[in-house]
Each structure stands twice: as C-alpha cells, then as structure tokens.
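Enquirer: My structure is below; once you've seen it, I'll send some questions.
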Amino acid sequence: PDLYAVIGNPISHSKSPLIHTAFARQTNQSIQYDARLAPLDGFMLAVENFRQQGGKGLNVTVPFKLEAHHLSTHLTERARIAQAVNTLKFENNGISGDNTDGAGLIRDIESNLGLSIAGKRILLLGAGGAARGVILPLLLQNPALLAIANRTPHKAEALQQQFTSHGHIVAGDFIAFPEEKFDIIINATSASLHNALPQIPASIFSHAALAYDMMYSHELTHFLKFAQLHGVQQLADGIGMLVEQAAESFFIWRGIYPQTKPVITMLKSCL
Ligand code: ATR
2 PDLYAVIGNP ISHSKSPLIH TAFARQTNQS IQYDARLAPL DGFMLAVENF RQQGGKGLNV
62 TVPFKLEAHH LSTHLTERAR IAQAVNTLKF ENNGISGDNT DGAGLIRDIE SNLGLSIAGK
122 RILLLGAGGA ARGVILPLLL QNPALLAIAN RTPHKAEALQ QQFTSHGHIV AGDFIAFPEE
182 KFDIIINATS ASLHNALPQI PASIFSHAAL AYDMMYSHEL THFLKFAQLH GVQQLADGIG
242 MLVEQAAESF FIWRGIYPQT KPVITMLKSC L
C-alpha cells in the first residue's frame, strides 16, 4: 500500500486515519494511513523521515500548518493566501502544499447543510489560523457581507485589510456589530477547545439561520448551545468540515473523490 499520515502535536485524538481508511475502502485504493506525533521542535525532521520511509503525502494539523507552508516548494493559491498548509504531496521534484480546510467548510455548508453562501451576511468569529484559512474561500462564494469579529480586534482588522480587495469585508471586536443582521455565524475561535464561550452578545443570533462551530465534541459546544438557546434553528459542528477537507486531500493524492456522507454518518455515531 501507499503510505500516508496525519502529523501534529497532539495527534492521538485525530479522526483522520479513520476517515481516510474509510475513503480507501470505499474507492478500492491500496493505502495505509496513520497518525504521527512530531515533537514541537521536530516537524521538519519528522517529515523528512516519513518521506524516506516512502511516504506519499501528509495531512498537517496544529501546530505545524505554518511550517508546512514554509516547507512546500510549490503552493496552491489558496494555501499561499491562507499562509497555512494542511496537505503535502511528495513529488520527485519537490513538495506541493495545499490547504483544503476552506473548501471543506464551503462544501459542508452548501452540499451537506443545503445553504448557499452567495448573497448571505456572514459573521466569522476569530482571527487566528483557522479563520484565516476560510476567508478567501468564503469570499469567493460572493456573500453580501463578511464580518470578522475577534476578542483582540486589531487581528481581525489586519485580516480585513489583507482581504479587502476580494469582497465586502468588515472587522471589529465581538460587540462591534450591534445593528447587523447575520444569516450564518461561524465560530473559528479555539474557545470550544478550552471549553469556553466567546463573549458575544446574544443579539447577533436574532436573524441567523445557521450557527456553525468549526470544533466538535461528543456533545454540543458552548457556542452551539448558546446559539440554540437564542433560537438558531440549524446547528452544525466541525465534523462535516473535517470529512470534507479530508475528501479534498484524498482527491489531491489519489485523483478520486470519495463519498463523504456515509463517512460523516459513521463518525457522528462513534463520537
Ligand atoms: P487557530 O489556528 O485555531 O485559529 P490561533 O491562531 O491560536 O488558533 O487563534 C485562536 C483564535 O481563537 C483567536 O482568534 C483567539 O482570539 P485572540 O486573537 O483574541 O487571542 C480566539 N480565542 C481563543 N480563546 C478564546 C476565548 N476564550 N474567547 C474568545 N476568543 C478566543
């Protein structure tokens, strides 16, 4: 079998081996996919070792996406703009770096959840790596507005400046948009990881059709509970995005697009 892996720190809870193994079975691809822990200061060496063992490609997760970006000898536009790489493909003449996270989010919202982003007013919470990676893919769908709100507002404003030529985009802190009506609210902060809730006012949910948390856990995150409490009908966690970004990576490596719905169902049942 061809060898692939996900590399990160921590890595033991990664669902990627399960997902890619399911994709491989479904598409009759002979691959082996496992999880690799790299020391925080040992990413480059771990990648080199993997490549020497015959590895064909890697998924890269926290905290190495920026290092993977630097390591790539060829970058797709979406990886260059995200300044982060989650998919490496080893080739004879170098290493290609791509970022499938944003495409995964868009596919999950549009294909799985059935909402189109075009013309919608979107609020993105957070201004770290996870938020950065989805801004351009969201703007390419032509939303009416993309507002970026962050606890530390200057980080949101820096992203606004970087992306302002790509669409209608505004930025501020969590209370900067008291009059604005949002259709879709996406939590890209890492608050849910720390079992915390971003200090957002409940009023931002007044018109929202969908609350989306890029994180997931076996029960609703604080953010999704808060949205539910304030009347949001449709709630989604990051499982769909996780499987969709994996499908994009699988396609990059194998040239075959796997079916995602059965894998999403399987993962949800074993969370
Ligand atoms: P990631 O790559 O997951 O985005 P990151 O780059 O460290 O990680 O960014 C974390 C994001 O979550 C930031 O937007 C951070 O806000 P600050 O820029 O103000 O630090 C946000 N965040 C983390 N914990 C939070 C909390 N408890 N409430 C609100 N925002 C939080």
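At position 36 of the sequence shown the residue is numbered 37 (full-length UniProt numbering), and the sequence of numbers has no breaks. Backbone N, C-alpha and C fix where the C-beta goes; we use that ideal spot for every residue, glycine too.
Which stretch, first to last residue, makes up the alpha helix (DSSP H) that contains F252?
Expert: Along the sequence shown, read from residue 1 onward, the residue named residue 252 stands at position 251. I240 to R255 is the extent of the alpha helix (DSSP H) around F252.
Enquirer: Which runs of the beta strand (DSSP E), 3 residues or longer, sit entirely within the region 94-128?
Expert: Runs found: 95-99 and 122-126.
Enquirer: Taking the beta carbon of G241 as the centre, do at least 16 other beta carbons fall within 10 Å, making it buried, or is it exposed?
Expert: Mapped onto the sequence shown, residue 241 falls at position 240. Label assigned to G241: buried.
Enquirer: Excluding the 5 residues preceding and the 5 following D35 in the sequence, name in chain order all residues of the same chain whose CB lies nearer than 6 angstroms to its CB.
Expert: The residue you call residue 35 lines up with position 34 of the sequence shown. Taken in chain order, the residues that qualify are A6 and P18.
Enquirer: To the nearest angstrom, report how far apart Q27 and G55 are at their CA atoms.
Expert: Numbered from 1 along the sequence shown, position 26 holds the residue referred to as residue 27. Numbered from 1 along the sequence shown, position 54 holds the residue referred to as residue 55. If you take the alpha carbons of Q27 and G55, they lie about 24 angstroms apart.
Enquirer: If I measure Cβ to Cβ from T77 and keep anything under 8 angstroms in the same chain, skipping five residues before and after, which residues do I get?
Expert: Within the sequence shown, numbered from 1, the residue matching residue 77 stands at position 76. The answer, listed in chain order, is S97, G98, D99 and N100.
Enquirer: Tell me the DSSP secondary structure of L41 in three-state form.
Expert: The residue labelled residue 41 in the question sits at position 40 within the sequence shown. Reduced to three states, the DSSP call for L41 is coil.
Enquirer: Any idea which residues DSSP pairs residue 273 with across the strands?
Expert: Outside the shown range of the chain, which is 2 to 272, sits residue 273, and nothing can be said about it.
Enquirer: For a test of the three-state rule: what should DSSP assign to N10, helix, strand or coil?
Expert: Start at 1 with the first residue of the sequence shown, and residue 10 comes out as number 9. Of the three classes helix, strand and coil, the one that applies to N10 here is coil, per DSSP.
Enquirer: Tell me whether I205 is buried or exposed, calling it buried when 16 or more other Cβ atoms sit within 10 Å of its Cβ.
Expert: Along the sequence shown, one-based indexing puts residue 205 at 204. With 16 or more other Cβ atoms within 10 Å, it is buried.
Enquirer: Look up N87 in the DSSP assignment and say whether it is helix, strand or coil.
Expert: Within the sequence shown, numbered from 1, the residue matching residue 87 stands at position 86. It is coil, neither helix nor strand.
Enquirer: Out of curiosity, what's the CA-to-CA distance linking T62 and S15?
Expert: For the purposes of this step, residue 62 is taken as residue 61 along the sequence shown, with counting starting at 1. For the purposes of this step, residue 15 is taken as residue 14 along the sequence shown, with counting starting at 1. Cα to Cα, the separation comes out at about 9 angstroms.
Enquirer: What is the DSSP secondary structure of L76, counted as helix, strand or coil?
Expert: Sequence index remark: in the sequence shown, residue 76 carries index 75 (1-based). L76: strand per DSSP, three-state reduction.
Enquirer: When the Cα of I176 is compared with those of A197, Q162, F164 and T153, which residue comes out closest?
Expert: Residue mapping note: residue 176 aligns to position 175 of the sequence shown, counting from 1. Nearest option by C-alpha distance: T153.
Enquirer: Looking at C-alpha atoms only, which residue of I32, P64, N94 and D3 is the closest neighbour of A39?
Expert: Start at 1 with the first residue of the sequence shown, and residue 39 comes out as number 38. Closest by alpha carbon: P64.
Enquirer: Measuring alpha carbon to alpha carbon, tell me which residue in E49, Q161, Q162 and G239 is nearest F91.
Expert: Numbered from 1 along the sequence shown, position 90 holds the residue referred to as residue 91. Nearest option by C-alpha distance: E49.
Enquirer: According to DSSP, is I201 part of a helix, a strand, or is it coil?
Expert: Position 200 of the sequence shown holds residue 201. Looking at I201 - three-state DSSP - the assignment turns out to be coil, as it is neither helix nor strand.
Enquirer: If distances are taken between C-alpha atoms only, which option among H167, L198, A192 and L147 comes closest to G173?
Expert: Along the sequence shown, one-based indexing puts residue 173 at 172. Minimum Cα distance to G173 is reached at L147.
Enquirer: Is T62 near the ligand ATR, going by C-beta to nearest heavy atom under 6 angstroms?
Expert: Position 61 of the sequence shown holds residue 62. Incorrect: T62 has no Cβ contact closer than 6 angstroms to the ligand ATR.
Enquirer: In the structure shown, what three-state DSSP assignment does N50 receive?
Expert: Mapped onto the sequence shown, residue 50 falls at position 49. Looking at N50 - three-state DSSP - the assignment turns out to be helix.
Enquirer: Among D214, Y213, I185 and Q200, whose alpha-carbon lies nearest the alpha-carbon of I123?
Expert: On the sequence shown, position 122 is the one that residue 123 refers to. When only C-alpha atoms are compared, the closest one is I185.
Enquirer: Could you pull the start and end residues of the alpha helix (DSSP H) that L221 belongs to?
Expert: Numbered from its first residue, the sequence shown carries residue 221 at position 220. L221 -> no alpha helix (DSSP H), and no H or E assigned at all.
Enquirer: Given this structure, state the Cα-to-Cα distance separating T165 from A209, to the nearest angstrom.
Expert: Along the sequence shown, one-based indexing puts residue 165 at 164. Along the sequence shown, one-based indexing puts residue 209 at 208. One C-alpha to the other measures close to 24 angstroms.
Enquirer: Tell me which residue opens and which closes the alpha helix (DSSP H) that V264 is part of.
Expert: Reading the sequence shown from its first residue, position 263 is the one you call residue 264. Here the alpha helix (DSSP H) through V264 covers K262 to S270.
Enquirer: Determine, using beta carbons only, whether A25 and I32 come nearer to each other than 7 angstroms.
Expert: Translated into positions along the sequence shown, residue 25 becomes position 24. Translated into positions along the sequence shown, residue 32 becomes position 31. Going by C-beta atoms, A25 is nearer than 7 angstroms to I32.
Enquirer: Please identify the residue among V233, R255, P138 and A189 whose C-alpha is closest to the C-alpha of H167.
Expert: Indexing the sequence shown from 1 puts residue 167 at position 166. When only C-alpha atoms are compared, the closest one is P138.
Enquirer: Under the three-state reduction of DSSP, which class applies to A177: helix, strand or coil?
Expert: As a working note, residue 177 is residue 176 in the sequence shown. Note: A177 maps to coil in three-state DSSP.
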